[in-house]
Amino acid sequence: MPAAPAPALVWFRDDLRLADNPALTHAIASGRPVLALFVFDDGDAGQRRRGAASRWWLAQSLRQLARAIAAKGGRLILRSGAASHVVPGVAGEVGARLVTWNRRYEAAAMAVDAGIKTALTADHVVAESFSAALLREPSTVKSRAGQPMQVFTPFWRAHQAKGEPRAALPEPVRISGFAGAIASEDLDDWGLEPRSPDWAAGFGAAWQPGEAGARARLLAFLDNGLASYAETRDRPDLAATSRLSPHLRFGEISAVQIWHAARLAAELHQPPGLPKFLSEVGWREFAYHLLYHRPDLARENVRKRFDGFAWTNDPAHLLAWQRGLTGYPLVDAGMRELWRTGWMHNRVRMVAASFLVKHLKTDWRAGEAWFWDTLVDADPANNAASWQWVAGSSADAAPFFRIFNPMAQAQTFDPAGDYVRRWVPELAGLPAGAIHQPWTAAAADLAQAGVTLGVTYPRPIVDHARAREQALAAFAELEDVEHVD
């Protein structure tokens, strides 16, 4: 009886899906039995340790992936430890002659991948990697001079000039699973989910992690949100955004799938919101372009003049911001939405980030770290690029003197106060004209709403006008050093 062919090992990472998964498709096409592997190597070899909210999502997503693979005839193996040892080790255990994975773009992760490819090749194992996370590789979009792009608009123009992205790959009909004995760790032993206290208790009602949840979220958005996206995307009081970001973060759906699905919807219905929606996909591409060329994006100012900024870094101010107790209702609503659901509306993210950096003069890296820990969509490229954009410290950024007025932003984008009422319920009884700046409310309105400033809801921890003046003064004192590597 002929021996069974040596298996192919598919190493899953931030690509927790079966459809449009080039590494999986290639392994299946090889005709070999397929063994799926996920390695929990958190913080290994200089890689950034996942935030707490990301760990919660990862646990849910891995359960869904394991079920999906099993339904196709395969099996997902879980191992923990340094991937540089685990991947070649598992390949040796099962006698794999082919190992595939989809690429990552953080410098430390790329270094790990390169080392593993070298080790496998030395053992006469074929190791192949594929482009799966982005519309196109971040190294392929360049300026006319052949240099990395620094500004989003010309980047996106150059990106689109290269034509349509590749076609999405279909979901495999069946996975011919590896029949040999192989040990797998218990997901529960990794401690990814909080127990006591269970601060993620509200996450389950807000999200459906996994590939099926991602697909359902996309279809719902295309049916109900895409047409009005350009007009309503900045309204946190409305369900007007796709909320696909955590699904993209974990690769439960790909940018290619989203792109083609949105384009197909446009052909059928001509939704006016399509260009703006695709440009948001483009911003993610740009963020990864920046990260690819600037591995220290989450740690170092792109504009070196900001190295000399006089941050105040008041711990009490940072804590009030984190807890949603700044006395500015829109900021507080966003921070509480973040804590309760692991997500925050993008318009409110910008306002909350601007408030921390400019009103409170707190280093943007403190905010980036908090979002990294509390966002279910904490993305290594988007998170850092967006914080530097708000701070004004990136090459393509809002100028520092653009300081969001939290009251004006609230009145424009939450006109009836419904968003604030949902997340800051102690202010729910105030009329729309007062809810965004309760310190100006009439005493009778405060009393009727049961609001006692400084007791049931804090007074503003800083005065908007004075904080703005101080931020601008600190910016004016920076040395005029505009060197951008």
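In the working numbering, the protein residues as written are 7 to 491.
Heads up, the beta-carbon is just placed ideally off N, CA and C, and yes, glycines get one too.
Spatially closest choice to residue i from the options, by CA coordinates
{"i": "Pro-464", "options": "Glu-432, Leu-484, Ser-67", "result": "Glu-432"}
{"i": "Asp-119", "options": "Thr-380, Ser-260, Arg-19, Leu-284", "result": "Arg-19"}
{"i": "Arg-110", "options": "Ala-125, Trp-17, Thr-368, Arg-474", "result": "Trp-17"}
{"i": "Asp-21", "options": "His-32, Pro-13, Val-40, Phe-44", "result": "Phe-44"}
{"i": "Pro-278", "options": "Leu-232, Ala-401, Leu-64", "result": "Leu-232"}
{"i": "Leu-104", "options": "Val-131, Met-350, Leu-84, Pro-412", "result": "Val-131"}
{"i": "Asp-194", "options": "Ala-358, His-470, Ala-65, Gly-423", "result": "Ala-65"}
{"i": "Met-356", "options": "Arg-408, Val-308, Phe-46, Ala-387", "result": "Arg-408"}
{"i": "Ala-12", "options": "Ala-25, Phe-410, Ala-151, Ala-33", "result": "Ala-33"}
{"i": "Pro-405", "options": "Gln-153, Ser-86, Arg-311, Arg-201", "result": "Arg-311"}
{"i": "Asn-230", "options": "Thr-368, Ala-89, Arg-249", "result": "Arg-249"}
{"i": "Thr-368", "options": "Trp-317, Thr-380, Glu-258", "result": "Trp-317"}
{"i": "Ile-122", "options": "Arg-150, Ala-88, Gln-153, Lys-148", "result": "Ala-88"}
{"i": "Ala-139", "options": "Ala-222, Ser-251, Asp-192", "result": "Ser-251"}
{"i": "Thr-380", "options": "Phe-209, Ala-477, Gly-398", "result": "Phe-209"}
{"i": "Asp-320", "options": "Pro-154, Ile-467, Gln-70", "result": "Ile-467"}
{"i": "Asp-26", "options": "Glu-191, Asp-383, Trp-265", "result": "Trp-265"}
{"i": "Ala-397", "options": "Leu-303, Leu-15, Tyr-298", "result": "Leu-303"}
{"i": "Glu-143", "options": "Leu-296, Ala-438, Leu-284, Ala-226", "result": "Leu-296"}
{"i": "His-253", "options": "Gly-80, Tyr-334, Ala-384, Pro-421", "result": "Ala-384"}
{"i": "Val-308", "options": "Leu-224, Ala-390, Ser-260, Met-350", "result": "Ala-390"}
{"i": "Arg-492", "options": "Val-426, Ala-51, Arg-73", "result": "Because the chain here runs from 7 to 491, residue 492 falls outside it and cannot be looked at."}
{"i": "His-323", "options": "Ala-473, Asp-50, Trp-162", "result": "Ala-473"}
{"i": "Asn-352", "options": "Tyr-334, Trp-327, Asp-243, Leu-270", "result": "Asp-243"}
{"i": "Ala-434", "options": "Gln-443, Gly-186, Ala-455", "result": "Ala-455"}
{"i": "Arg-388", "options": "Ala-471, Val-354, Ala-422, Val-287", "result": "Looking at the sequence itself, residue 388 is Asn, so the reference to Arg does not match. Comparing Cα-Cα distances from Asn-388 to each of Ala-471, Val-354, Ala-422, Val-287, the minimum goes to Val-287."}
{"i": "Ser-90", "options": "Ser-67, Ala-76, Ala-117, Glu-112", "result": "Ala-117"}
{"i": "Ala-1", "options": "Trp-345, Met-341, Arg-269", "result": "Coverage of the chain is limited to positions 7 through 491, which leaves residue 1 absent and any answer about it impossible."}
{"i": "Ala-128", "options": "Gly-98, Ala-35, Pro-281, Pro-203", "result": "Gly-98"}
7 Å Cβ cutoff met for residue i and residue j
{"i": "Asp-48", "j": "Arg-38", "result": "no"}
{"i": "Val-338", "j": "Val-430", "result": "At residue 338 the sequence reads Asp, which differs from the Val that was named. Yes, these two residues count as a Cβ contact at 7 Å."}
{"i": "Leu-366", "j": "Ala-416", "result": "no"}
{"i": "Ala-133", "j": "Leu-126", "result": "yes"}
{"i": "Glu-217", "j": "Trp-62", "result": "no"}
{"i": "Gly-348", "j": "Leu-362", "result": "no"}
{"i": "Phe-419", "j": "Arg-255", "result": "no"}
{"i": "Asp-424", "j": "Ala-440", "result": "no"}
{"i": "Val-262", "j": "Pro-171", "result": "yes"}
{"i": "Ala-246", "j": "Thr-238", "result": "yes"}
{"i": "Phe-184", "j": "Leu-82", "result": "no"}
{"i": "Ile-181", "j": "Lys-78", "result": "yes"}
{"i": "Phe-46", "j": "Trp-289", "result": "no"}
{"i": "Ala-164", "j": "Val-147", "result": "yes"}
{"i": "Ala-102", "j": "Leu-15", "result": "yes"}
{"i": "Ser-58", "j": "Asn-108", "result": "Rather than Ser, the amino acid found at residue 58 in this sequence is Ala. Cβ distance not < 7 Å, so Ala-58 and Asn-108 don't count as in contact."}
{"i": "Glu-191", "j": "Leu-84", "result": "yes"}
{"i": "Gln-153", "j": "Ala-401", "result": "no"}
{"i": "Glu-177", "j": "Ala-220", "result": "no"}
{"i": "Trp-493", "j": "Trp-370", "result": "As shown, the chain starts at 7 and ends at 491. That puts residue 493 outside it, with no answer to give."}
Terminal residues of the beta strand (DSSP E) in which residue i lies
{"i": "Ala-42", "result": "40-46"}
{"i": "Trp-17", "result": "14-18"}
{"i": "Ser-248", "result": "Ser-248 -> no beta strand (DSSP E), and no H or E assigned at all."}
Residue i at chain D interface by Cβ criterion, 7 Å
{"i": "His-470", "result": "Note that chain D does not occur in the displayed structure, where there is just one protein chain."}
Which residues DSSP lists as bridging residue i, in chain order
{"i": "Ala-133", "result": "Val-105"}
{"i": "Ser-86", "result": "Phe-46"}
{"i": "Leu-459", "result": "Tyr-463"}
{"i": "Gly-183", "result": "Val-40"}
Range covered by the alpha helix (DSSP H) that runs through residue i
{"i": "Ser-392", "result": "388-397"}
{"i": "Ala-65", "result": "58-77"}
{"i": "Arg-54", "result": "Looking at the DSSP string, Arg-54 is not in any alpha helix (DSSP H), and its letter there is neither H nor E."}
{"i": "Pro-281", "result": "280-299"}
{"i": "Thr-368", "result": "Segment: none, Thr-368 is in no alpha helix (DSSP H) and carries neither H nor E."}
{"i": "His-351", "result": "Element bounds for His-351: n/a, residue is neither H nor E."}
{"i": "Leu-30", "result": "28-35"}
{"i": "Thr-159", "result": "158-167"}
{"i": "Glu-273", "result": "261-275"}
{"i": "Leu-324", "result": "321-329"}
Query - Whole beta strand (DSSP E) elements within the segment 110-154, 3-residue minimum - result: Note on the segment 110-154: whole beta strand (DSSP E) runs with a minimum of 3 residues are 132-136, in chain order.
**Report entry** Completely contained beta strand (DSSP E) runs for the segment 404-481, where each covers 3 or more residues
**Finding:** As far as the segment 404-481 is concerned, it has no whole beta strand (DSSP E) run of at least 3 residues.
Requested in this report: Let me know the alpha helix (DSSP H) ranges lying completely inside the segment 172-245, each 4 residues or longer, listed in chain order.
Outcome: Scanning the segment 172-245 from its first residue to its last, the whole alpha helix (DSSP H) runs of 4-plus residues come out as 209-212, 217-230, 235-238.
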